[in-house]
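Protein chains in written order, with this note's numbering: chain A, 299 to 701; chain B, 2 to 106; chain C, 39 to 356. Let me begin by presenting the structure, written as structure tokens, before commenting on it.
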Amino acid sequence: MALGLETKKSELKPLSTNKAVAEAAKDSNVDVVAAYPITPQTTVVERLAELIGEGELDAEIIHVESEHSALSAVIGASAMGARTFTATSSQGLALMHEILHIASGLRLPIVMSVATRALSAPISIFNDHSDIMNQRDTGWIIIFTSSAQETYDTIIQAYKIAENSNVLLPVMVAYDGYVMSHTIEPVEVLGKKVAEEYIPKKVSWNRLDPDRPITIGTITSPDYYYEFKYAQAKALESSLQHILEADSEFKKKYGRGYGAVEGYMMEDAEIAVLGTSSYFSNLKYAVDELRKKGVKAGAIKLRVYRPFPREQLYELIKGLRALGVIDRSISYGMTPSGPIALDLMSTYRYKNIPPIQSFVAGIGQRRMLIEDFVRIYEILERRASSNSINEETLFYGVKGIDL
Amino acid sequence: MKELKSWKDYPLGGAVYDPGSTLDIDVSGWRNERPQIDQEKCIRCRICWVFCPDAAIIEEEKTYTTKTGKTFKLTYSIDYAHCKGCGICANECPVKAIKMIPEVE
Amino acid sequence: MTYELEKIKTLWDIPKEEHLVGGHSLCAGCTAATIVRHLLKVAGKNTIVVNATGCVEVSTTSFPYTAWRVPWLHVAFENAGAVASGVESAINALKIKGEIPVEKEINVIAIAGDGGSFDIGFQALSGLMERGHKVMFVIYDNEAYMNTGIQRSGATPFAAWTTTTPVTRRIRGEWRNKKDMFDIAIAHGIDYAATANPAYPVDMDSKFQKGLSKDGPSLVHVIMPCTTGWRFEPKYGITIAKLATETAVWVNMEYDVGNFSVTVPVKKRKHVREYLKLQGRYSHLSETEIELIQEQIDRKVEEINKRAGKEVIGPLEA
């Protein structure tokens, strides 16, 4: 099928990723929105309030008094059978931590966007991934996006995934605060038809209904608790298949698909660097520079983070001479100190993989220019040639540290 | 209730689909004393039924005529499977028509 | 209200249906169960209950059982107000979208103990009231964290023993006064707030009725004598509740769109000693301390009478 352009009657809009997220929530025809202002997420809810106010979206907006209540309110709404949306960043996501576990434990298909930002203290309102990485074991599906367009598309896909009766798990769509949240890009929006065409609503989750009263959120003894948690683990693990199905159906209908991972110039690459969200775009420019110099470099984007796309990523990295992984958060007191690098080293422990060099960069949005990414490839190449890659993380860009 | 032999049999997210199923639980073992209603003394005031924390006072439309010839349309009795023997009914009964009898003599 | 229930004026107006059934594991003589039984009798089957963590929650929903016959949701301790806001908003949204019939009236009730309302649940409760959701918030107040083993809360009254305000060489029970939730609720500009007592079921149930009939948030704060934490024999739960009102430790009040009233006037008050002496949590009190508590009550009664514009709570019995 030729890219499914038969349904195409969409328009290009100049949108920041935050605005694209709001547009996607509107086109997903959500029923209830609850969110609390936090930089750099705030314009998502501002825009949603406008859309509701203008009558472009029939939804209830709850002006909650905290992020903890934002997630709590959407849990209540979701349990009542509503399609729900919330958005946050940084401290807000941290404040939700307790409730994140409950949302996934109750198996409610909530969708949340996260404009990633550093955590206090000291306060930084700028981007890194310490907020999202702290939530990686909460049982949510976590997807990183790299452009406003991809974020728009992924929010819509997220409802398809979350509400799939084989999944029924909440989804976080994460993108870089400021770098993406406030950068305007052209975005092709699909309009409200997408809700009917691609994500028609069907409540397949536990729902509060006076005609069929059920009890949600029980207390369990050691005789019962474990099986619920195992079922949740299995659901998250097997959701990868449904994430990929949702993505290919989206591609068929609207011409855009993203997969779980993406490679750039990976066909003949000897060394590659893996990054998430906006870093992938910069890595691609760096690869172009390196290719000009004759270095067989490639770039890898990790899009789906939980569930971890083990097989898909392995296909990209298995033939490499060396792999660099850039983390934008620190796993304190651990070597390597980058959570994604750590993930790779452990999940492929029994596979034949290239040496993995862990990098930490961009903490608190420390500036990273294309030349810095080029430099990361050069460090990787140097250490690979001298067989000096080990489990130590290289902290790129810290004053007083020369790599 | 469905037997939960494997994790696959478990309901989604810990929900219970069987409203009011604690009625299957017998709490009579909690009791030290059991309430006993003297139908002759009982004036059908509903107070025991009102205060019972365990909904263990049964109110039925069953006629009862006392030895003195007074006829009541309602009869109160105890659901002994769900009575925990707290004694609120006996304590609140305005005519002392409920006695608490030790379970173990 | 979801069905035309006659105004509750006598015990015989209380609906027969049970929506919280027996077999739960609340303590023998737990007056919370009496309160919630009545709440649901009044609310009827078209009701969604959001329950904060606490005794009622853990003791009625031990998987794979439930004592509830209405849809029920528990999320966490501190967020019943927020969760109930979400439930109510979803009902509104789904009515607009035709997924729930517009004419279908569904009550939304949040139930929390004093911890889930006075303390950890305070912010979410405040948000709920301030935003005007049509939710009735019912507090069963046993004046401490009973579920975790009798620790003091912001609702623990002066001089009460708890495990964290122990009677020791330096501490003689709680040394601060109870937070005033009734006036805090009113300060949010809500239409209806009340205090109630299970020993006065007609008064309590009619308050539940009124709260549910409002178009916005309402709060009913109910005293809940706790056999375990207040240290009394299970059979005395209602007796002690009654004494609380007879001594004016607890006054059954109401605020209804600007009108304040005491719904259970007391002609002659009993001395607070009558209330205190039945409870182990006050067994350490000296005569002087008891008189100090009595003085506090006398002052409170004076304020209430002033507010009511007449003597609704009378003087101490001779």
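A virtual CB, placed ideally from N, CA and C, is assigned to each residue, including glycine.
Using the beta-carbon of each residue, which ones in chain A are nearer than 8 Å to residue i?
| i | result |
| --- | --- |
| C/L132 | D329, M378, G379 and A380 |
| C/F156 | Near C/F156 there are no residues of chain A at all, since even the closest Cβ is about 17 Å away, more than 8 Å. |
| C/A122 | G374 |
| C/V176 | The contacting residues do not exist; C/V176 stays about 16 Å from chain A at best. |
| C/S251 | Result: empty, since nearest Cβ-Cβ is about 18 Å, beyond 8 Å. |
Would you tell me roughly how many angstroms separate the C-alpha atoms of residue i and residue j, rounded to the nearest one?
| i | j | result |
| --- | --- | --- |
| C/D218 | B/P36 | 38 Å |
| A/A427 | A/S418 | One detail in the question is off: residue 427 of chain A reads as His in this sequence, not Ala. C-alpha separation (whole angstroms): 12 Å. |
| A/K491 | A/S576 | 29 Å |
| A/A300 | A/L488 | Confidence is the limiting factor: at A/A300 the pLDDT is only 43, short of 50, which leaves the residue's position unreliable, though a coordinate-based value still follows. Going by the C-alpha atoms only, they are around 18 Å apart. |
| A/K311 | C/Q189 | 57 Å |
| A/E354 | A/K324 | 8 Å |
| A/E486 | A/V362 | 31 Å |
| A/I359 | C/I177 | 26 Å |
| A/Y552 | C/V80 | 52 Å |
| B/T72 | B/Y65 | 6 Å |
| C/D179 | A/T436 | 33 Å |
| B/V17 | A/I423 | 43 Å |
| A/T386 | C/G92 | 29 Å |
| C/R208 | A/K527 | 47 Å |
| A/I453 | A/V319 | 7 Å |
| C/S100 | C/H62 | 8 Å |
| C/I224 | C/N297 | 11 Å |
| B/A57 | A/T340 | 53 Å |
| A/G475 | A/I439 | 19 Å |
| C/G82 | C/E55 | 8 Å |
| A/Y646 | A/I497 | 35 Å |
| B/P20 | C/W50 | 26 Å |
| C/A346 | C/G254 | 25 Å |
| B/G30 | B/K85 | 8 Å |
| C/A19 | A/K550 | Look at the range of chain C in this structure, 39 to 356, and you will see that residue 19 of chain C is not part of it. |
| A/L678 | A/G617 | 16 Å |
| A/S308 | A/E494 | 15 Å |
| C/D229 | C/V258 | 12 Å |
In chain B, what lies closer than 8 Å to residue i by C-beta?
| i | result |
| --- | --- |
| A/F424 | The premise fails here: A/F424 is roughly 37 Å from chain B at the closest Cβ pair, so nothing lies under 8 Å. |
| C/I276 | F52, I89, N92 and E93 |
| A/T516 | G15, A16 and V17 |
| A/Y473 | Within chain B, no residue comes near A/Y473; the closest Cβ sits about 28 Å away, beyond 8 Å. |
So with CB distances below 9 Å, who are the chain A contacts of residue i?
| i | result |
| --- | --- |
| C/R169 | I360, H361, V362 and E363 |
| B/V28 | Chain A residues near B/V28: none, gap ~17 Å exceeds 9 Å. |
According to DSSP, which residues form a beta bridge with residue i?
| i | result |
| --- | --- |
| C/G151 | C/Y178 |
| A/E599 | Residue identity differs from the one stated: residue 599 of chain A is Lys in this sequence, not Glu. Beta-bridge pairing links A/K599 to A/E560 and A/G573. |
| A/S326 | Answer by DSSP bridge pairing: none, since A/S326 is not bridged. |
| A/G475 | A/G475 is not bridged to any residue. |
| A/G622 | A/V571 and A/Q655 |
| C/W106 | C/L58 |
| A/A332 | A/I360 |
| B/I99 | B/I38 |
| C/S256 | C/M174 and C/Y230 |
Below 7 Å on C-beta distance, what does residue i contact in chain C?
| i | result |
| --- | --- |
| B/D55 | G60 and A71 |
| B/L24 | V59, G60 and G61 |
| B/K114 | Summary: the structure shown does not reach residue 114 of chain B, with chain B confined to residues 2 through 106, and so no result is reported for it. |
Kindly list, in the order they appear in chain A, the residues whose Cβ is closer than 7 Å to that of residue i.
| i | result |
| --- | --- |
| C/K308 | Within chain A, no residue comes near C/K308; the closest Cβ sits about 40 Å away, beyond 7 Å. |
| C/P109 | L506, D507, P508, P511 and I512 |
Under 8 Å between beta-carbons, which chain C residues line up against residue i? List them in chain order, please.
| i | result |
| --- | --- |
| A/G596 | Near A/G596 there are no residues of chain C at all, since even the closest Cβ is about 45 Å away, more than 8 Å. |
What residues of chain C sit near residue i, judged by a beta carbon separation below 9 Å?
| i | result |
| --- | --- |
| B/C49 | Residues of chain C passing the Cβ test: none, with the nearest at roughly 11 Å. |
Give me the chain B residues within the contact set of residue i, using Cβ-Cβ distance strictly less than 7 Å, ordered along the chain.
| i | result |
| --- | --- |
| C/E56 | A56 |
Indicate whether the contact test is met: 3 or more Cβ pairs, each with one atom in the region 143 to 156 of chain C and one in the region 229 to 238 of chain C, closer than 8 Å.
The answer is no - the region 229 to 238 of chain C does not touch the region 143 to 156 of chain C, with fewer than three Cβ pairs under 8 Å.
Please go through the region 185 to 243 of chain C and give each complete alpha helix (DSSP H) segment of 4 or more residues, from N-terminal end onward.
Every alpha helix (DSSP H) stretch that sits fully inside the region 185 to 243 of chain C and reaches 4 residues is listed by chain position as 219 to 224.
Touch test, the region 536 to 553 of chain A against the region 398 to 413 of chain A, Cβ-Cβ under 8 Å, three pairs minimum
With the cut-off at 8 Å, the region 536 to 553 of chain A and the region 398 to 413 of chain A do not touch.
May I have a chain-ordered list of the beta strand (DSSP E) segments no shorter than 3 residues that lie completely inside the region 448 to 493 of chain A?
Fully enclosed beta strand (DSSP E) runs of 3 or longer: 469 to 474 and 482 to 487.
Determine, using beta-carbon pairs with one atom in the region 556 to 564 of chain A and one in the region 462 to 469 of chain A, whether at least three such pairs fall under 8 Å.
By the C-beta criterion, the region 556 to 564 of chain A is judged not to be in contact with the region 462 to 469 of chain A, since fewer than 3 inter-stretch pairs fall below 8 Å.
Contact between the region 117 to 134 of chain C and the region 374 to 386 of chain A (3+ Cβ pairs under 8 Å):
In short, these stretches touch, since the Cβ pair count reaches three.
Counting Cβ pairs closer than 8 Å, one from the region 669 to 678 of chain A and one from the region 566 to 574 of chain A, do we hit at least three?
The region 669 to 678 of chain A vs the region 566 to 574 of chain A: in contact.
Using 8 Å as the threshold, is the region 613 to 631 of chain A in touch with the region 511 to 531 of chain A, meaning 3 or more CB pairs across them?
Contact fails: fewer than three Cβ-Cβ distances are below 8 Å.
Contact between the region 306 to 314 of chain C and the region 323 to 338 of chain C is defined here as three or more beta-carbon pairs at a separation below 8 Å; is this criterion met?
Between the region 306 to 314 of chain C and the region 323 to 338 of chain C, the count of C-beta pairs closer than 8 Å reaches three or more; the two stretches touch.
Entirely within the region 379 to 449 of chain A and at least 4 residues each: give me those alpha helix (DSSP H) ranges in chain order.
You should have 388 to 393, 395 to 403 and 428 to 431.
Runs of 3 residues minimum, wholly inside the region 297 to 330 of chain C: which ones carry the beta strand (DSSP E) assignment?
Counting whole runs of 3 or more residues, the region 297 to 330 of chain C contains the beta strand (DSSP E) stretches 297 to 300.
Check whether the region 194 to 207 of chain C touches the region 102 to 119 of chain C, counting contact only when three or more Cβ pairs, one atom from each stretch, lie closer than 8 Å.
No: the two stretches stay apart, fewer than three of their Cβ pairs being nearer than 8 Å.
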